[in-house]
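Enquirer: Numbering (our numbering), first residue to last: 285 to 745.
Okay, handing you the structure first.
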Amino acid sequence: LILFILWGLALTTNGVGGGGDSLTHYFISELAWTQPFYFFDQWGKPFFTLFSSPWSQAGFVGIKLFNTLCGVLASLFTCLTARELKKDWFFSIPLIAFIAPAFFTYLFSGLTEPFAALVSIVSVWLCLRGKVNTGFLLAGFLPFCRSEAQVFLVFFFLFGMLNGHWKKLPLLFIGYLAYSILGGFFHDNFLWVFDSPYDSQGSVYGKGVWYHYLARLGVMLGVPGVALAGLGFIQFFRRWFWLKDINWKTEPWLVHGPFTALLCAHSLVWALGIYGSAGLERTLMTAFPFLWIIMLDGLLLLRDLSAMIRKSWSPALPLLILVLQITYVLTNPSSKYYWQTNLFLNPENKFLKEEVGPYIKEHYPDVTTFVMDKPYMAVALDVNFKNPEQRQAWYIYNKAEEVDSASTLWLYDGYYVRTQYSITLEQIRSENKLEEIKSWDGPSDWNFVLFKKRASSAPTP
Numbered sequence: 285l286i287l288f289i290l291w292g293l294a295l296t297t298n299g300v301g302g303g304g305d306s307l308t309h310y311f312i313s314e315l316a317w318t319q320p321f322y323f324f325d326q327w328g329k330p331f332f333t334l335f336s337s338p339w340s341q342a343g344f345v346g347i348k349l350f351n352t353l354c355g356v357l358a359s360l361f362t363c364l365t366a367r368e369l370k371k372d373w374f375f376s377i378p379l380i381a382f383i384a385p386a387f388f389t390y391l392f393s394g395l396t397e398p399f400a401a402l403v404s405i406v407s408v409w410l411c412l413r414g415k416v417n418t419g420f421l422l423a424g425f426l427p428f429c430r431s432e433a434q435v436f437l438v439f440f441f442l443f444g445m446l447n448g449h450w451k452k453l454p455l456l457f458i459g460y461l462a463y464s465i466l467g468g469f470f471h472d473n474f475l476w477v478f479d480s481p482y483d484s485q486g487s488v489y490g491k492g493v494w495y496h497y498l499a500r501l502g503v504m505l506g507v508p509g510v511a512l513a514g515l516g517f518i519q520f521f522r523r524w525f526w527l528k529d530i531n532w533k534t535e536p537w538l539v540h541g542p543f544t545a546l547l548c549a550h551s552l553v554w555a556l557g558i559y560g561s562a563g564l565e566r567t568l569m570t571a572f573p574f575l576w577i578i579m580l581d582g583l584l585l586l587r588d589l590s591a592m593i594r595k596s597w598s599p600a601l602p603l604l605i606l607v608l609q610i611t612y613v614l615t616n617p618s619s620k621y622y623w624q625t626n627l628f629l630n631p632e633n634k635f636l637k638e639e640v641g642p643y644i645k646e647h648y649p650d651v652t653t654f655v656m657d658k659p660y661m662a663v664a665l666d667v668n669f670k671n672p673e674q675r676q677a678w679y680i681y682n683k684a685e686e687v688d689s690a691s692t693l694w695l696y697d698g699y700y701v702r703t704q705y706s707i708t709l710e711q712i713r714s715e716n717k718l719e720e721i722k723s724w725d726g727p728s729d730w731n732f733v734l735f736k737k738r739a740s741s742a743p744t745p
């Protein structure tokens with residue numbers, strides 16, 4: 285039922301959730317069938333591209349259907365994992381997952397996190413079911429779903445050592461081996477999997493406070509949801525050190541370890557301003573299945589506290605906090621923000637679709653290549669943002685004289701070009717490399733300007 289509701293929303297809404305990254309992952313996924321190199325694009329996350337590419341051939345709505353399926357399956361396998369851990373009320377996991385303000389709205393996107401979350405929890409479920417070979421093999425591809433998911437391999441490795449699966453540990457590295465060999469033929473470098481697509485020395489987005497991601501969890505989950513997570517950690521330590529009914533060789537390493545490690549890793553790189561971190565909250569979603577299990581523990585602690593008062597009252601406190609969570613989601617402005625931002629076009633993209641795109645297609649139907657850096661411009665112009673025959677990035681501005689003036693237009697936006705390349709509109713106008721054709725003052729202080737190369741700057745034969 286949840287899947288059909290989400291698919292209905294995916295088919296009837298026009299949002300592209302998650303901003304430029306969402307669209308860029310879609311463009312890579314869609315293009316991979318005609319340009320196989322993109323099956324091995326490190327930034328695009330190759331394992332995600334492999335599974336999402338058939339869906340992307342149906343357009344952006346296809347990748348939204350894929351990601352909503354991944355989100356629902358992630359909640360299902362989290363249920364099954366909680367059952368393997370012998371937790372009561374495991375069936376409440378989908379409720380915990382989908383009544384949070386943020387998670388389900390990010391599914392209407394081309395982002396890689398929902399798929400990474402699914403692969404993570406399925407790997408854990410397989411290990412708990414005794415299918416360790418398959419679980420380790422699948423877990424080995426996590427680095428090709430999300431780069432930061434490499435940290436999860438440490439916990440699978442520890443799980444394997446503690447539970448006597450020494451001979452199976454090499455399976456955790458099959459993903460690296462397979463992609464190194466296959467992608468090596470496209471990259472002419474069999475060590476390409478170790479080349480990070482992110483700058484380890486800095487980030488154009490700056491840096492922030494160390495508790496940034498903790499604060500964002502409060503927004504993503506809601507106040508009652510954060511309370512459940514906190515209670516879940518208390519229940520975990522209560523069971524481990526007081527009740528002593530937890531298997532210390534499994535749950536700490538396959539549930540609490542991955543979530544805590546990912547939270548700490550993202551907090552660290554954002555505080556230091558390295559690896560291109562933009563402080564994006566959605567990157568935590570890869571570990572959300574583990575967080576749901578922790579929140580379930582919080583519900584069970586509330587149940588135990590209620591039962592201490594009167595046994596028949598055991599559901600009282602859990603029901604109360606779920607009611608509070610639903611009320612919070614329905615009344616808090618953050619829920620409306622997530623809904624509007626991820627399910628519907630924002631004002632800038634709507635402006636591009638209705639004003640800028642139609643103008644360019646009407647007046648310049650023969651132009652085949654665009655220099656642009658805002659991904660939705662490509663949607664508005666019906667081109668693939670990652671196809672070098674259709675789009676170039678503004679980093680070629682310093683070599684503008686080498687660009688074919690007849691078949692290329694330059695589209696400046698008021699954010700990406702300035703942020704990524706430190707190229708300002710004033711600089712372009714003063715240097716006279718390009719001729720301004722038309723400018724638009726978009727909403728929210730965005731400005732869009734259309735340029736072409738000056739005829740006088742054309743190279744002489």
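Beta carbons: idealized from backbone N, C-alpha and C, even for Gly.
Since this is a predicted model, take the numbers as computed values, not measurements.
(1) Between which two residues does the alpha helix (DSSP H) containing tyrosine 460 stretch?
(2) With a 10 Å radius around its C-beta and 16 neighbouring C-beta atoms as the bar for buried, classify phenylalanine 332 as buried or exposed.
(3) In angstroms with no decimal places, state the Cα-to-Cα distance between leucine 584 and glycine 506.
(4) Would you check if there are 3 or more beta carbon pairs closer than 8 Å linking the region 468–476 to the region 437–444?
(5) Evaluate the contact criterion for the region 533–551 versus the region 571–581: three or more CB pairs, one atom per stretch, below 8 Å.
(6) Taking the straight line between their C-alpha atoms, what separation do you get for glycine 516 and isoleucine 578?
(7) Decide if aspartate 479 is buried, meaning its Cβ has at least 16 other Cβ atoms within 10 Å, or exposed.
(8) Using 8 Å as the threshold, is the C-beta distance between methionine 504 and alanine 381 below it?
(9) Suppose the cutoff is 8 Å on Cβ atoms and the five residues either side in sequence are ignored; what does the same chain contact list for aspartate 529 look like?
(10) Roughly how many whole angstroms lie between the Cα atoms of isoleucine 383 and tryptophan 537?
(11) Under a three-way DSSP split, which group does lysine 736 fall into?
(12) Give the secondary structure of arginine 594 by DSSP, where H, G and I count as helix, E and B as strand, and everything else as coil.
(13) Would glycine 726 and phenylalanine 735 qualify as a contact pair, given that the criterion is a beta-carbon distance under 8 Å?
(14) Can the beta-carbon of threonine 567 be found closer than 8 Å to that of glutamate 432?
(15) Which one of Val477, Phe436, Leu501, Leu421 has the shortest CA to CA distance from lysine 451?
(16) Helix, strand or coil: which one does DSSP assign to glutamate 720?
(17) Which of the three DSSP states is assigned to leucine 512 in this structure?
(18) Check each candidate in Lys370, Thr365, Ser313, Leu475 and name the one with the smallest Cα separation from valine 345.
(19) Could you name the residues of the same chain whose beta carbon sits closer than 7 Å to that of tyrosine 759, not counting the 5 residues immediately before and after it, in chain order?
(20) Closer than 7 Å by C-beta to isoleucine 721: which residues in its own chain qualify, once you throw out the five before and the five after it? Chain order, please.
(21) With DSSP as the reference, label aspartate 588 as helix, strand or coil.
(22) From this set, Ala499, Gly490, Leu604, which residue's C-alpha is nearest glycine 557's C-alpha?
(23) With a Cβ-Cβ cutoff of 8 Å, do lysine 329 and phenylalanine 428 count as a contact?
(24) Please report how far the alpha carbon of tryptophan 724 lies from the alpha carbon of serine 337, in whole angstroms.
(25) Relative to the alpha-carbon of valine 553, which residue among Asn298, Ser689, Trp339, Tyr495 has its alpha-carbon at the smallest distance?
(26) In whole angstroms, what is the alpha-carbon distance linking aspartate 729 and leucine 709?
(27) How far does the beta strand (DSSP E) with glutamate 681 in it reach, from first residue to last?
(28) Answer with buried or exposed for phenylalanine 392, where buried requires no fewer than 16 other C-beta atoms within 10 angstroms of its C-beta.
(29) For threonine 692, list the residues DSSP reports as bridge partners.
(30) Where do the N-terminal and C-terminal ends of the alpha helix (DSSP H) with lysine 371 fall, by residue?
(31) Out of curiosity, what's the CA-to-CA distance linking valine 416 and leucine 410?
(32) Cutting at 6 Å between CB atoms, please list the residues of its own chain near valine 408, excluding the five before and the five after it.
(33) Check aspartate 666 in the structure and name its three-state DSSP category.
(34) Roughly how many angstroms separate the alpha carbons of valine 640 and alanine 664, rounded to a whole number?
(35) Who are the Cβ neighbours of glycine 459 in its own chain at under 7 Å, not counting the five residues just before and after it?
Expert: Looking at the atomic coordinates:
(1) Taken as a continuous stretch (DSSP letters only), the alpha helix (DSSP H) holding tyrosine 460 covers 458–471.
(2) Classification of phenylalanine 332: buried, given that the 10 Å Cβ count is 16 or more.
(3) Computed Cα separation, rounded: 19 Å.
(4) Inter-segment contact for the region 468–476 and the region 437–444 is absent: fewer than three beta-carbon pairs are separated by less than 8 Å.
(5) Between the region 533–551 and the region 571–581 there are three or more C-beta pairs closer than 8 Å, enough to call the two in contact.
(6) Whole-angstrom Cα-Cα distance: 5 Å.
(7) Answer is exposed; the Cβ neighbour count stays below 16.
(8) Remark: C-beta atoms of methionine 504 and alanine 381 do not approach each other more closely than 8 Å.
(9) Correct list, in chain order: Arg523.
(10) Computed Cα separation, rounded: 27 Å.
(11) Annotated three-state conformation of lysine 736 is strand, per DSSP.
(12) If DSSP states are grouped into helix, strand and coil, arginine 594 belongs with coil.
(13) Cβ atoms of glycine 726 and phenylalanine 735: not closer than 8 Å.
(14) Taking C-beta atoms as the reference points, threonine 567 and glutamate 432 count as a pair closer than 8 Å.
(15) Of the candidates Val477, Phe436, Leu501, Leu421, the one whose C-alpha sits nearest the C-alpha of lysine 451 is Leu421.
(16) Correct three-state label for glutamate 720: strand.
(17) Helix.
(18) Checked all of Lys370, Thr365, Ser313, Leu475; the closest Cα to valine 345 is Ser313.
(19) With the chain covering only 285 through 745, there is no way to say anything about residue 759.
(20) Residues of the same chain with a CB within less than 7 Å of the CB of isoleucine 721, apart from the 5 flanking positions on each side, are Leu734, Phe735, Lys736 in chain order.
(21) Correct three-state label for aspartate 588: helix.
(22) Taking only the C-alpha atoms, the option nearest glycine 557 is Gly490.
(23) Yes. Within cutoff.
(24) Near 35 Å, if we compare the C-alpha coordinates of serine 337 and tryptophan 724.
(25) Nearest of Asn298, Ser689, Trp339, Tyr495 to valine 553, Cα basis: Tyr495.
(26) So the alpha carbons of these two residues sit roughly 14 Å apart.
(27) The question names glutamate, but residue 681 is tyrosine in the sequence shown. In the DSSP annotation of this structure, tyrosine 681 is not part of any beta strand (DSSP E), being labelled neither H nor E.
(28) Counting Cβ neighbours within 10 Å, phenylalanine 392 comes out buried, since at least 16 surround it.
(29) Threonine 692 pairs with Thr653.
(30) Counting along the chain, lysine 371 sits inside no alpha helix (DSSP H), nor does DSSP assign it H or E at all.
(31) Going from the Cα of valine 416 to the Cα of leucine 410 covers about 6 Å.
(32) For valine 408, where only same-chain residues beyond five positions count, the Cβ hits under 6 Å are Thr365, Leu538.
(33) Aspartate 666 carries a coil assignment under DSSP once its states are collapsed to helix, strand and coil.
(34) Near 8 Å, if we compare the C-alpha coordinates of alanine 664 and valine 640.
(35) So the list reads Gly424, Phe425, Pro427, Phe428, once near-sequence residues are dropped.
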